[in-house]
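Residue numbers for the sequence shown follow this note's numbering, beginning at -5 and rising by one.
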Amino acid sequence: MRYAFGDTDLAARRLELLAEVFSESTRPFLLESPVKNPGLCVDLGCGPGCTTHLLAEILQPKRTIGLDNSESFLSHAGKTATETVSFRLHDVTQVPFPVTPCDAIYCRFLLTHIRDPEVALEIWGSQLRPGGFLLLEETEWIHTSHPLFTLYIEMVNAMLASQGNILFIGPVIDGLSQIGPLRKHSSTVRRLPVPTALTAKLFRMNMQTWKHHPFIRETWPPESIRDLEIGLKQTAESGASVTEIEWGLRQMVFEKEG
Ligand SMILES: C[S@@+](CC[C@H](N)C(=O)[O-])C[C@H]1O[C@@H](n2cnc3c(N)ncnc32)[C@H](O)[C@@H]1O
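Okay, structure coming up:
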């Protein structure tokens, strides 16, 4: 399945900005994780590689490998490779991964884009060594009082649902306590308020791709799409220092039984 938010250069820049914003919630999650002195860490759906470098910095594995099925994102990621951080083209719904067994597997904002998340989790477990950990970060909820953000979220939520995906997939994964040999180790929601102008910038960048999606074109009149885009642009450029949106991030750890 094609990634709904595209893999253009603009999409890569959006993921870089998104990584800056969400590193605030990912950093403490990784610092508090039970992963200690790993040999091999794999970052699934690594995009331009920001999450892969964050994993490498915080968990200090001997080797960190980012996997993604977008050649375009990997060409960005590849430019940042180091002796211990590298990237491979791979559809992560397929196993084996190019490198195994993994001491830790991590992914953020990926299960939302996968058709059968439970099947994916089960096969990922097969790529871990016994005692290894699977770390997941997905959206639990987004709270906002801003009318443009409310409309944006409504559109994205409906578009993803139209292709069998779930935007708010946090509660779904939280409901899983055991997946094959993977046992739930911890599951919490971390709150992350994001400034209004920055959110509008991120949303506007993303909209450049999804506004062309056939479902969006068939469901909303062109004026609504145009007004949303103009409103996001004005909000992004306003430099307003208010915060009217907050994410709840489901952060889960599974351990592979030995
Ligand atoms: C929302 S982005 C998240 C990027 C990064 N994990 C982060 O949080 O900044 C989702 C990423 O998953 C990748 N992706 C989606 N489906 C995939 C698949 N089946 N195999 C590998 N990568 C996939 C996309 O290309 C994209 O880079």
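The beta carbon of each residue, even a glycine, is placed where N, CA and C say it ideally should be.
Check whether residue i and residue j have beta carbons under 8 Å apart
i, j, result
"residue 27", "residue 127", "yes"
"residue 34", "residue 96", "yes"
"residue 205", "residue 219", "yes"
"residue 169", "residue 104", "no"
"residue 8", "residue 149", "no"
"residue 222", "residue 146", "yes"
"residue 179", "residue 251", "no"
"residue 47", "residue 15", "no"
"residue 197", "residue 226", "yes"
"residue 23", "residue 61", "no"
Residue i CB to nearest heavy atom of ligand 1 below 7 Å
i, result
"residue 247", "no"
"residue 190", "no"
"residue 85", "yes"
"residue 147", "no"
"residue 45", "yes"
"residue 19", "no"
"residue 13", "yes"
"residue 72", "no"
"residue 126", "no"
"residue 207", "no"
"residue 200", "no"
"residue 64", "yes"
Reference residue i; option with closest CA among the options
i, options, result
"residue 110", "76, 88 and 45", "88"
"residue 21", "235, 52, 163 and 63", "52"
"residue 243", "162, 193, 213 and 215", "162"
"residue 136", "187, 36 and 14", "187"
"residue 81", "63, 101 and 59", "59"
"residue 32", "5, 19, 14 and 55", "55"
"residue -2", "144, 208 and 29", "208"
"residue 183", "192, 165, 217 and 195", "165"
"residue 94", "102, 118, 113 and 106", "118"
"residue 70", "2, 234, 232 and 174", "2"
"residue 116", "235, 107, 67 and 171", "171"
Element boundaries [alpha helix (DSSP H), containing residue i]
i, result
"residue 15", "3 to 25"
"residue 91", "No alpha helix (DSSP H) contains residue 91, which DSSP labels as neither H nor E."
"residue 138", "Taken as a continuous stretch (DSSP letters only), residue 138 belongs to no alpha helix (DSSP H), being part of the beta strand (DSSP E) at 122 to 138."
"residue 152", "141 to 156"
Endpoints, the beta strand (DSSP E) within which residue i is located
i, result
"residue 110", "Run containing residue 110: none; DSSP gives neither H nor E here."
"residue 207", "Residue 207 -> no beta strand (DSSP E), and no H or E assigned at all."
Does the segment 234 to 250 come into contact with the segment 137 to 150, if we say contact requires no fewer than three beta-carbon pairs (one atom in each stretch) closer than 8 Å? Touching, yes.
On the three-pair Cβ rule with 8 Å, is the segment 115 to 124 touching the segment 143 to 161? Judged by pairs of C-beta atoms under 8 Å, the segment 115 to 124 does not touch the segment 143 to 161, as fewer than three such pairs exist.
Assess contact between the segment 65 to 80 and the segment 40 to 57, defined as three or more Cβ pairs (one per stretch) separated by less than 8 Å. Is contact present? Touching, yes, given that three or more Cβ pairs across the two stretches are closer than 8 Å.
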